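Undergrad: Numbering (the working numbering), first residue to last: 91 to 446.
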Ligand code: ATP
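Here it is in structure tokens:
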């Protein structure tokens with residue numbers, strides 16, 4: 091079997107602490123015969139402040155041409171107020187590798203993690219497909235008469251037929267592969283008429299290729315309401331870049347918070363970018379408080395991408411166990427630190443003795 095290379099980029103703040111654990115897990119897999127190679131990247135705020143490097147061209151080219159996945163911790167540091175390094179590294183990877191599908195599962199792994207009255211883990215199990223390369227994030231816009239009483243500020247919301255179609259198709263493909271019965275498309279077409287019209291037409295057109303799956307439309311404001319009132323109604327949600335950003339934070343709160351939320355960014359090419367949803371959390375960085383379980387689930391999603399879906403299920407089961415036994419950090423009701431939670435996961439993984 092060909093060796094698959096994973097670029098490991100811990101980044102800043104708690105990213106370093108949680109990726110240290112993710113890296114150990116990947117090392118363990120490697121030692122058990124999984125054909126993986128790890129490539130450590132010293133990029134992030136420290137490096138930027140040291141010598142001005144953000145994302146060297148040769149490193150980017152190697153990631154694009156030689157890697158199967160990138161494991162990224164977080165980027166963000168109060169010492170770099172304009173976040174220039176983060177923009178170059180993260181947006182560089184996302185846009186230049188054309189990672190158009192940001193996939194964020196929202197699956198509660200313990201009743202205790204669901205904050206809604208009368209709801210439990212069985213009620214919170216859906217996945218959000220967020221368009222990742224268009225929308226307002228393309229930074230098209232401008233100011234006119236800035237600093238005067240007549241100032242105008244414009245941000246354009248860019249939606250292409252190709253971009254809309256490929257993310258919607260990805261969501262339906264996922265639903266088909268996982269036996270889901272519905273895909274919801276969330277927009278604000280009553281206010282954003284042109285882009286909404288495009289999303290609606292493409293959604294209906296793509297849905298015709300998936301006759302066994304009900305294609306349902308929901309306004310994004312109503313979706314926020316329903317996610318709190320009746321999250322069990324949702325299996326797969328597809329939406330644009332901005333709405334995806336907002337509803338996945340809401341979704342994270344339904345299953346234990348940012349410390350439990352993982353994400354994958356996938357494009358047409360072979361390289362996937364895998365990262366916990368949380369940021370660098372400078373308020374708790376370096377204090378052994380960060381929950382590493384989002385990263386454990388992120389490694390699971392990465393293993394699936396690399397062709398080992400059994401490992402994703404295994405790691406989810408281990409996380410479930412850690413939370414149930416309170417062998418986890420304080421944000422999800424445990425008493426352990428980051429490193430000890432990681433040790434619990436690694437010991438369990440070793441005991442399972444995984445093989446490719
Ligand atoms: P950034 O600027 O890098 O996005 P941030 O502080 O703005 O960082 P997050 O890091 O996403 O935003 O997190 C917001 C808050 O949630 C943090 O300040 C922290 O208290 C909490 N938090 C985030 N991730 C975790 C985690 N893995 N474990 C525990 N608490 C977390």
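Glycine residues also receive a C-beta, built at the ideal position from the N, C-alpha and C atoms. A quick note: this is a predicted structure, and the numbers were derived from the prediction, not measured.
Alpha carbon to alpha carbon, how far is residue 102 from residue 166? Give it in angstroms, no decimals.
TA: Indexing the chain shown from 1 puts residue 166 at position 76. Indexing the chain shown from 1 puts residue 102 at position 12. For residue 166 and residue 102, the distance between alpha carbons rounds to 6 angstroms.
Undergrad: Within a Cβ cutoff of 8 angstroms, which residues of the same chain sit near residue 126, ignoring the five residues on either side of it in sequence?
TA: Taking the chain shown and counting its residues from 1, one reaches residue 126 at position 36. Closer than 8 angstroms at Cβ, skipping near neighbours: 93, 94, 95, 96, 116, 119, 120 and 396.
Undergrad: DSSP three-state call for residue 314: helix, strand or coil?
TA: Counting from one through the chain shown, the residue named residue 314 turns up at place 224. DSSP places residue 314 in helix when its eight states are reduced to three.
Undergrad: Taking only heavy atoms of ligand 1 into account, decide whether any of them is closer than 7 angstroms to the Cβ of residue 171.
TA: The residue labelled residue 171 in the question sits at position 81 within the chain shown. Because no heavy atom of ligand 1 lies under 7 angstroms away, the Cβ of residue 171 does not count as near it: no.
Undergrad: Give the residues whose C-beta lies closer than 5 angstroms to at least one heavy atom of ligand 1, in chain order.
TA: Taken from the N-terminal end onward, the list reads 166, 348, 349, 368, 369, 370, 371, 373, 380, 381 and 421.
Undergrad: Using only the alpha-carbon positions, how far apart do residue 445 and residue 250 sit?
TA: Here residue 445 refers to the residue found at position 355 when the chain shown is read from its first residue. Here residue 250 refers to the residue found at position 160 when the chain shown is read from its first residue. Going by the C-alpha atoms only, they are around 43 angstroms apart.
Undergrad: Residue 306 by DSSP, collapsed to three states: which one?
TA: As a first step, residue 306 must be located in the chain shown, where it is residue number 216. Correct three-state label for residue 306: strand.
Undergrad: Look at the Cβ atom of residue 257, then the Cβ atom of residue 328, and state whether they are nearer than 8 angstroms.
TA: Taking the chain shown and counting its residues from 1, one reaches residue 257 at position 167. Taking the chain shown and counting its residues from 1, one reaches residue 328 at position 238. A contact, by the Cβ cut-off of 8 angstroms.
Undergrad: Tell me the rounded alpha-carbon separation between residue 99 and residue 159.
TA: The residue labelled residue 99 in the question sits at position 9 within the chain shown. The residue labelled residue 159 in the question sits at position 69 within the chain shown. Whole-angstrom Cα-Cα distance: 11 angstroms.
Undergrad: How would you label residue 193, buried or exposed, when you count the other beta carbons within 10 angstroms and need 16 or more for buried?
TA: Here residue 193 corresponds to residue number 103 of the chain shown, with the count starting at 1. So residue 193 ends up on the buried side.
Undergrad: Evaluate residue 429 with the Cβ neighbour count: other Cβ atoms within 10 Å of its Cβ, from every protein chain shown; 16 or more gives buried, anything less gives exposed.
TA: Residue numbering aside, residue 429 sits at position 339 when the chain shown is read from its first letter. Exposed, by the Cβ-count rule.
Undergrad: Write down every uninterrupted run of the alpha helix (DSSP H) in the region 149-210 whose length is 4 residues or greater and which is fully enclosed by it, in chain order.
TA: List check, alpha helix (DSSP H) in window: 182-186.
Undergrad: State the Cα-Cα distance for the pair residue 246 and residue 255, rounded to the nearest angstrom.
TA: Along the chain shown, one-based indexing puts residue 246 at 156. Along the chain shown, one-based indexing puts residue 255 at 165. One C-alpha to the other measures close to 20 angstroms.
Undergrad: Given residue 261, which residues of its chain have a CB within under 6 angstroms of its CB, disregarding the five upstream and five downstream residues?
TA: Taking the chain shown and counting its residues from 1, the one referred to as residue 261 is at position 171. Cβ neighbours of residue 261 beyond the five flanking positions: 219, 273, 326 and 328.
Undergrad: Output the boundary residues of the alpha helix (DSSP H) element that contains residue 394.
TA: For this step, residue 394 is matched to residue 304 along the chain shown. Where residue 394 is concerned, the enclosing alpha helix (DSSP H) stretches over 383-395.
Undergrad: Measure the alpha-carbon distance for residue 210 versus residue 239 and round it to whole angstroms.
TA: Locating residue 210 in the chain shown gives position 120, where the first residue counts as 1. Locating residue 239 in the chain shown gives position 149, where the first residue counts as 1. Near 52 angstroms, if we compare the C-alpha coordinates of residue 239 and residue 210.
Undergrad: With H, G and I counted as helix, E and B as strand and the rest as coil, what does DSSP make of residue 362?
TA: Start at 1 with the first residue of the chain shown, and residue 362 comes out as number 272. Of the three classes helix, strand and coil, the one that applies to residue 362 here is strand, per DSSP.
Undergrad: How about residue 104 and residue 164: do their beta carbons lie closer than 8 angstroms?
TA: The count along the chain shown starts at 1 and reaches residue 104 at position 14. The count along the chain shown starts at 1 and reaches residue 164 at position 74. Yes, they are a contact pair.
Undergrad: Return the bridge partner residues of residue 220 from the DSSP annotation.
TA: Locating residue 220 in the chain shown gives position 130, counting from the first residue. Note: residue 220 sits in a beta bridge opposite 192 and 329.
Undergrad: Which same chain residues, not among the five before or five after residue 200, have their C-beta less than 7 angstroms away from its C-beta?
TA: Counted from its first residue, the chain shown places residue 200 at position 110. Contacts found: 211, 410, 413 and 414.
Undergrad: Measure the beta-carbon distance from residue 276 to residue 308 and round it to whole angstroms, keeping in mind my assumption that it falls under 8 angstroms.
TA: Here the question's residue 276 lines up with position 186 in the chain shown. Here the question's residue 308 lines up with position 218 in the chain shown. The Cβ separation is near 5 angstroms, so the contact holds.
Undergrad: Using a threshold of 8 angstroms, state whether the C-beta atoms of residue 357 and residue 188 are closer than that.
TA: As a first step, residue 357 must be located in the chain shown, where it is residue number 267. As a first step, residue 188 must be located in the chain shown, where it is residue number 98. The answer is yes: Cβ separation under 8 angstroms.
Undergrad: Let's see if you can read the secondary structure: which residues bound the beta strand (DSSP E) around residue 275?
TA: Counting from 1 along the chain shown, the entry for residue 275 is found at position 185. Note, residue 275: beta strand (DSSP E), 272-277.
Undergrad: Within the chosen definition, does the region 129-143 reach the region 334-354 through at least 3 CB pairs nearer than 8 angstroms?
TA: They do not touch, by the three-pair rule.
Undergrad: Leaving out five residues on either side along the sequence, give the residues of the same chain with a beta carbon under 8 angstroms from the beta carbon of residue 114.
TA: For the purposes of this step, residue 114 is identified with residue 24 of the chain shown, where counting begins at 1. Excluding positions up to five away in sequence, the list reads 432 and 436.
Undergrad: Relative to the alpha-carbon of residue 196, which residue among 394, 182, 408 and 366 has its alpha-carbon at the smallest distance?
TA: Taking the first residue of the chain shown as position 1, residue 196 is located at position 106. Checking every option, the nearest Cα to that of residue 196 belongs to 366.
Undergrad: Who pairs with residue 347 in a beta bridge, going by DSSP?
TA: In the chain shown, residue 347 corresponds to position 257, counting from 1. In the DSSP output, where bridge partners are listed per residue, residue 347 has none listed.
Undergrad: Apply the 10 Å Cβ neighbour rule to residue 268 and answer buried if 16 or more other Cβ atoms are within range, or exposed otherwise.
TA: Locating residue 268 in the chain shown gives position 178, where the first residue counts as 1. With fewer than 16 other Cβ atoms within 10 Å, it is exposed.
Undergrad: Pick helix, strand or coil for residue 428, following the three-state DSSP scheme.
TA: Here residue 428 refers to the residue found at position 338 of the chain shown. In the structure shown, residue 428 sits in a helix (DSSP, three-state: H, G or I).
Undergrad: What does the alpha-carbon distance come out to for the pair residue 168 and residue 369?
TA: For the purposes of this step, residue 168 is identified with residue 78 of the chain shown, where counting begins at 1. For the purposes of this step, residue 369 is identified with residue 279 of the chain shown, where counting begins at 1. Cα to Cα, residue 168 sits roughly 12 angstroms from residue 369.
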